[in-house]
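So the sequences go chain by chain: A and B.
Residues in the first sequence are numbered consecutively from 0, following numbering that gives the first Met the number 0.
Residues in the second sequence are numbered consecutively from 0, following numbering that gives the first Met the number 0.
Ideal Cβ positions, reconstructed from N, Cα and C, are used throughout, including at glycine.
What follows is a single structure, written as structure tokens, with notes after it.
There are 2 protein chains.
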Amino acid sequence: MGYGSLTKEIFEELASAVGRAAAIIDADALENYAYDQAGRVWGHMPEAVVRPRNTEQVSSVMKIASKYRIPVTPRGAGSGLNGGAVPLAGGVVLSLERMNKILEIDKINRVAVVEPGVVTNDLCRAAAAEGFLYAGYPMSTETSFIGGNFATNAGGGKVIRYGSTRRHVLGAEVVLASGEILHLGGRFRKDTWGYSLLNLLAGSEGTLAIATKLIVNLEPKPGKVVNLLACYPDVEKLVESVAKVIGSGRRIISCEFMDRNLVKYTTEYLGCALPEQERSEGYLLIQVEGDTDEQLEEGYETVGKICLEGGAFEVFVAESRTDSAAMWNVRQNGLEGMRARDPYACASGDLMVPLSAVPEMLRRIKRISGEWNVEIGIISHIGDGNLHPIPLKPEGMTPERWASYAEEFFSALINEAISLGGVGSGEHGVGHVKQKVLTENKTPAELEIMRGIKKAFDPQNILNPGKMFFKLQ
Amino acid sequence: MGYGSLTKEIFEELASAVGRAAAIIDADALENYAYDQAGRVWGHMPEAVVRPRNTEQVSSVMKIASKYRIPVTPRGAGSGLNGGAVPLAGGVVLSLERMNKILEIDKINRVAVVEPGVVTNDLCRAAAAEGFLYAGYPMSTETSFIGGNFATNAGGGKVIRYGSTRRHVLGAEVVLASGEILHLGGRFRKDTWGYSLLNLLAGSEGTLAIATKLIVNLEPKPGKVVNLLACYPDVEKLVESVAKVIGSGRRIISCEFMDRNLVKYTTEYLGCALPEQERSEGYLLIQVEGDTDEQLEEGYETVGKICLEGGAFEVFVAESRTDSAAMWNVRQNGLEGMRARDPYACASGDLMVPLSAVPEMLRRIKRISGEWNVEIGIISHIGDGNLHPIPLKPEGMTPERWASYAEEFFSALINEAISLGGVGSGEHGVGHVKQKVLTENKTPAELEIMRGIKKAFDPQNILNPGKMFFKLQ
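Laid out in structure tokens, this is it:
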């Protein structure tokens, strides 16, 4: 790899850049920065961690790293599912946890200016307090950082209406591998003033630059919403309803799917129940918006009717905040529910297909799960065509074998998604867990361009090495 | 520059790739491809024009160009305002005019699949016929091609509600400088499967690749709209209303500004009149949407009230399609109106500032116009902070002198926009007309990255050379 060694002298330089207390070299403390939600088996120990407090410190760290060619892996909340924040080549983890301030809510330009370590939910709350909506809503909203959302172009539960994180980020201050600072975009929504590095950086998983400040779009306060839960005896029928719901012209904010297994294990974990669990093969959780009570009522009645006519045997309308919370609680805890059943439940599946291909994709998932002999639960932003099958480790398989087995299983599914006109990730990213299948599925010409882009930003390959399509040598 | 000469033999190769009738070498015919709406003074003659009919022919042309290192300038409708389609280095113009088919309206996935030479308005009409909205709405919608809209990330009159063209393009088939074909994105709305070349290509002005097919988003059919025309005795007061209108939470589709001069010359040109022209220093043209009559009424009444309280002496609500058309007719013909007054009226100004900085930017435009002794009319997507001052050539100045004078004038304005947190273009792009000021205003680090990106796509620099930040040597 040709990287420099992180000597005691270099560590001292780093420590004086960020302050002694913010530089970690103790092995026990390093352990916390060695893996993310992909699991320990995909982890790797860093040699040091630095926790800068501001842009200048980030810049200083990168200047030092650049001088000695030390790998630097930026890290947000560590809530990623593909090892994106894992320091594969060792070196330094640059944790953005202390850069966690909401700097400004700018009401006239309808933007918030935030540091990358702000928890997404805190931004949502701060925006709401000023009468706005921050429309990013990854399901990990309680833990994930806005910086990580930008790095993975995170999606979540409101993409149908508002789009992924790329759309919400209007400007950024970023630090390059060299330590230089760039300012991209700004407090505005149109920009055709040179190549859009900002839009390229969204979803680049920390391999091109480190965002140290983000200017994010705020939406006007949304209308009222109602949540519906539709119970289906048959997944094929459920899926047919989805295209009709999305195509109804009503204001659909979310359209989520949970299958029988997922609901079973998650309600057991939570000690709760969804209606009609005995009879239901799958649930649609749909959020409808309206500006007025009449519009809202017309909206959810139309959607409810579509579901009933499409084969749902019941549609429940949440009549209170408590009802809504109960429905969403199962959805939001789906991964935890599966992990309560089996701690090795694998969360990295993130298939993306056109809406029209969802029925066929679900059939293939079922078939392939059978062939691979894995039990799965499915949770899905189905209105986007984005499916998260969560497989459980077969009994008796070792965790090590399971890690690679699960990823081979996902690779098989990804190949199917691609053959149906889709891609291998809608919102989780590639990290290093999905590297092999990504590399196999992109053409040499596209890979070569991506490598050229990487070289333009980071000629020494020190930023988050070994991720996406850059295999560690 | 080191380019190859376009010999008779190479022309024959090109002609056999696209068909003899689609290869032009006659000087009179070439003339039509030598300039765009920036004007003849910014033009340059091509040595040949090819008009491929499909992707394979585009690929063949690029393979030939690549083999002999012949410059290729892709061209849409030629409606650009900064010389983006001008073959600065000679060589070949690749016109996409014959690739003009709407291939599919896919109702389930809510996308249209189109060739790049489709006139944007034709796409809008075809989508409407199927009950959808294509939300791109550049003011040149009657002439511009969807491929050119993608190349410049075109904006227009509905960006407040729907965003610029980048947001509408979900997938593309593109031909690289080498002739290789890539498929990017698809019939879906989430994608974090490698660097987003698609989002990078939007706004790259044909310097990185040639889009030969686009998959564009269709929105559900919008609600009803009403157009309002608010007349102000004072531009400062008008601008104060804008932030309030935008911040009202009502569904604003458009918020456009026209100043006294622009309205004067345009109504003279059209032989029509707007109300209160004698007393008005400026007009706001606002489009409000609502799902129901009640919502619509509440919306436009609220907006009307904001304008009246903000100093408008009259607000006219269009009561018929004819009323609305009359208002928009002036807005859409603003450039033609200024050019009827002076054929050298210069349309390339496209300042972008945060909404909060619009009042100060307008003051500076006024001051600087005085200092430079140019009469201007202003037309503006003011709700976006996007301003188009259109200067008239001072009497007695030669057209040649005026071309550079006007651009120096715009450079002075762009520097002010940047100092107010803005950029030099919101929707027109850079072309070669704005090259100098762009290059002066970007940092060396950002320019170097952009050049590295260019190199990754087009190592021989044959695609649209001399544009954006690539000066012809």
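query                                                                                                                             : result
Residues, ordered as in the chain, of the region 123 to 151 of chain A that lie near chain B by beta-carbon distance below 7 Å    : Thr151
Residue-chain proximity (Phe456/B, chain A), Cβ-Cβ < 8 Å                                                                          : yes
Neighbourhood of Cys254/B by C-beta distance below 7 Å, restricted to the same chain and skipping five residues each side         : Ile159, Val241, Val244, Ile245, Leu283, Ile285, Ile381, Gly382
Residue-chain proximity (Val432/A, chain B), Cβ-Cβ < 8 Å                                                                          : no
8 Å Cβ cutoff, Leu354/B in contact with chain A                                                                                   : yes
Rounded straight-line distance, which links the Cα of Gly156/B to that of Leu334/B                                                : 15 Å
Contact check, Leu95/A vs Arg124/A, beta carbons under 8 Å                                                                        : no
Residues near Phe468/A by beta carbon distance below 8 Å, same chain, minus five either side                                      : Val429, Gln434, Leu437, Thr438, Lys441, Leu446, Met449, Arg450
Chain-ordered chain B contacts of Gln294/A [CB-CB under 8 Å]                                                                      : Asp290, Thr291, Gln294
Buried versus exposed, by CB contacts within 10 Å (16 or more), Asn31/A                                                           : exposed
Residue of Ser410/B, Arg320/B, Pro137/B minimising C-alpha distance to Trp371/B                                                   : Ser410/B
Residue closest to Leu93/B, alpha-carbon to alpha-carbon, out of Val60/B, Leu80/B, Val118/B, Lys100/B                             : Val60/B
Whole-angstrom C-beta distance between Gly423/A and Ile417/A, which should lie under 8 Å                                          : 7 Å
Pick from Leu295/A, Arg109/A, Gly303/A that is closest to Val224/A, judged by C-alpha positions                                   : Leu295/A
Proximity of Tyr161/A and Ala134/A at Cβ, strictly below 8 Å                                                                      : yes
Proximal residues of chain B, C-beta to C-beta of Thr442/A below 7 Å                                                              : Leu181
Nearest-angstrom beta carbon gap, Ser347/A and His427/A [assumed within contact, 8 Å]                                             : 6 Å
Beta carbon proximity, Ile378/B to chain A, threshold 8 Å                                                                         : no
Min CB distance Leu284/A to chain B below 8 Å                                                                                     : no
Residues bridged to Asn108/B (per DSSP)                                                                                           : Looking at the DSSP assignment, Asn108/B forms no beta bridge with any residue, so it has no partner.
The beta strand (DSSP E) enclosing Gln36/B, as first and last residue numbers                                                     : From DSSP, Gln36/B is part of no beta strand (DSSP E); its letter is neither H nor E.
CB contact below 8 Å: Pro73/A versus chain B                                                                                      : no
Cutoff 8 Å: Glu255/B Cβ touching any chain A Cβ                                                                                   : no
Inter-stretch contact (C-beta, 8 Å, three-pair minimum) for the region 304 to 315 of chain A and the region 141 to 149 of chain B : no
Option nearest Trp192/A by Cα separation, candidates Thr191/B, Ser195/B, Ala339/B, Ser203/B                                       : Ser203/B
Cross-chain neighbours of Ser163/B in chain A, by beta carbon under 9 Å                                                           : Arg188, Lys189, Asp190, Thr191
Euclidean distance between Cα positions of Ile145/A and Pro342/A                                                                  : 27 Å
Element boundaries [beta strand (DSSP E), containing Leu283/B]                                                                    : 281 to 289
Per-residue burial, Leu386/A [other beta carbons within 10 Å of its own, 16 or more giving buried]                                : buried
Own chain partners of Gly185/A with C-beta closer than 8 Å, once the 5 adjacent residues on each side are dropped                 : Leu169, Gly170, Ile214
Where Tyr299/B falls: helix, strand or coil (DSSP)                                                                                : helix
Cβ pair Leu5/A, Glu46/A closer than 8 Å                                                                                           : yes
Validate contact between the region 322 to 329 of chain B and the region 40 to 58 of chain B using beta carbons, cut 8 Å, 3 pairs : no
Beta-carbon proximity list for Lys392/B, same chain, < 6 Å, skipping 5 on both sides                                              : Asp341, Tyr343, Trp401
Among Leu102/B, Leu199/B, Leu261/B, the one whose alpha carbon lies nearest that of Tyr194/A                                      : Leu199/B
Nearest-angstrom Cα separation, counted from Ser143/A out to Ala16/A                                                              : 26 Å
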